[in-house]
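Presented below is the structure to which this report refers.
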Ligand code: ADP
Ligand code: MN
Ligand code: MN
Ligand code: MN
Ligand code: MN
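Numbering (the working numbering), first residue to last: 10 to 397.
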């Protein structure tokens, strides 16, 4: 064919397939999509989506068919592997990486109505010899929590995120190439078409997380237009990291459906007066939650202060753009704490102070921080035996 004729054929084909060439998404009649989605699954089989964290901290996944009985518990699930040379997690000449299942969730993207669930499986990564990969931060955190079950440490993670158009430069609600006509103020926890952008995405993600079995505890619109938050927890120990990573995976999958770009960058808009995005980490041990627990909270905060730089080093990339001392943050340079103070590194809530027990909030981690590293590091710091 001549180029013009080729283009004609392509256009004709695409109008039949309703394929959006920019996004690759099929825009098939929903009645046709439903015809495929309503086909029953074989009663004795499930689909398992194995999810892992890559070298950059992003979730990857692939699917396999398994007998139903294998999904009863995480120990019954088989290990699997992937090509680590394609994710910067292994050299090309010895590319196999082993996936070890850690935690099962229900798959909200492949529902079925025969009483059986397809599953999402959070995995961590090992060499064939059984050594944790350098990018396997879960193994590091698991070591910090190992043998500390009696402390019953809880984490509540506030995940902030920013939604953009597919151009990746225009946040939802922003004019192309420009800035909103009103400064920050009306957008936080807002309603109305001139204030709230992307609620449908967050609500879909919320419902998917509930279905999956993630302990998502709430959501709110954030200060910068296009920015939002959800909270996961309280979760016990290593499970906070498993649940948060799976919630991030679910958020990405939902954004794929909506064709909206999501970033966890801590300062997605550097120019102008716009808030950054964090992953505030709320923490309590059993002692802290019991009468007089405030003493244990103060000791923990003292220990955190002594290791400020070590914590900042693992609290997320680009966090220096966010922790400036402005926009409800404390400066990255120094450690501070206060009651009800959103400009401090660590905040004690009013209720916790009034009741003399409860929890504290580490406000330093950025939205793209690794929840395994953050929770594991907090755990090892506050459990250390130091004179206070
Ligand atoms: P903020 O007022 O900082 O915006 P959020 O309501 O967004 O706080 O998030 C608070 C998080 O802390 C929630 O995920 C909640 O489940 C969690 N949380 C509540 N109590 C505790 C506790 N005792 N220990 C740890 N986390 C807790
Ligand atoms: Mn292949
Ligand atoms: Mn919050
Ligand atoms: Mn927030
Ligand atoms: Mn907070």
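For each residue, glycine too, the CB sits at the ideal point set by N, CA and C.
In this structure, the C-beta of residue 167 approaches ligand 5 to less than 7 Å from one of its heavy atoms.
By the Cβ rule, the stretch 276-293 does not count as touching the stretch 201-210, because fewer than three pairs are nearer than 8 Å. In this structure, the beta-carbon distance from residue 115 to residue 222 falls below 8 Å. Under the DSSP assignment, residue 273 falls outside any alpha helix (DSSP H); it carries neither an H nor an E label. In this structure, the beta-carbon distance from residue 57 to residue 381 does not fall below 8 Å.
Annotation: residue 323 to residue 378 spans about 7 Å, alpha carbon to alpha carbon. Distance from the C-beta of residue 293 to the nearest heavy atom of ligand 1 is below 7 Å.
Under the three-state reduction of DSSP, residue 280 is assigned to coil, being neither helix nor strand. DSSP, reduced to helix, strand and coil, places residue 242 within a strand of the structure shown. Rounded to the nearest whole angstrom, the C-alpha separation of residue 325 and residue 288 is 9 Å. Assigned with DSSP and collapsed to three states, residue 222 falls in coil, not helix or strand.
Annotation for residue 364 indicates a beta carbon at 7 Å or more from all heavy atoms of ligand 1. With a threshold of 7 Å, the Cβ atom of residue 240 counts as near ligand 3, since some heavy atom of the ligand is closer than that. DSSP places residue 77 in no alpha helix (DSSP H); its state is neither H nor E. By the 16-neighbour rule on beta-carbons within 10 angstroms, residue 154 is buried. Between residue 181 and residue 174, the CB-CB gap stays under 8 Å.
In this structure, residue 231 has its CB at a distance of at least 7 Å from all heavy atoms of ligand 5. CA-to-CA, the gap between residue 229 and residue 393 works out to about 35 Å. Annotation for residue 207: 172, 181, 182, 235, 237, 269 place their beta carbon closer than 8 Å to its own, counting only its chain and skipping 5 residues before and after.
If you check the C-beta of residue 226 against ligand 1, you find a heavy atom less than 7 Å away. One thing to note: residue 376 has its Cβ within 8 Å of the Cβ of residue 275. Membership of residue 256 in any beta strand (DSSP E) is not indicated; the residue belongs instead to the alpha helix (DSSP H) covering 248-267.
Taking 7 Å as the cut-off, one finds at least one heavy atom of ligand 5 near enough to the beta carbon of residue 289. Counting every other CB atom within 10 Å of its CB across the protein chains shown gives residue 253 a total of 16 or more, marking it as buried.
The closest CA to that of residue 53, considering only 74, 44, 47, is found on 74.
For residue 299, the closest C-alpha among the options 160, 29, 67 is that of 160. In the DSSP assignment, residue 387 falls within the alpha helix (DSSP H) that extends over 380-392. Comparing C-alpha distances from residue 107 to each of 90, 45, 68, 100 shows the shortest one belongs to 90. Closest in alpha carbon position to residue 167, among 141, 225, 29, is 225. In the displayed model, residue 210 falls within a helix according to three-state DSSP.
Taking C-beta separations shorter than 8 Å and ignoring five residues to either side along the sequence, the partners of residue 267 in its chain run 209, 210, 213, following chain order.
Between ligand 1 and the CB of residue 298, the shortest heavy atom gap is smaller than 7 Å. Less than 8 Å separates the beta-carbon of residue 55 from that of residue 77. Residue 110 counts as buried, since no fewer than 16 other beta carbons sit within 10 angstroms of its beta carbon.
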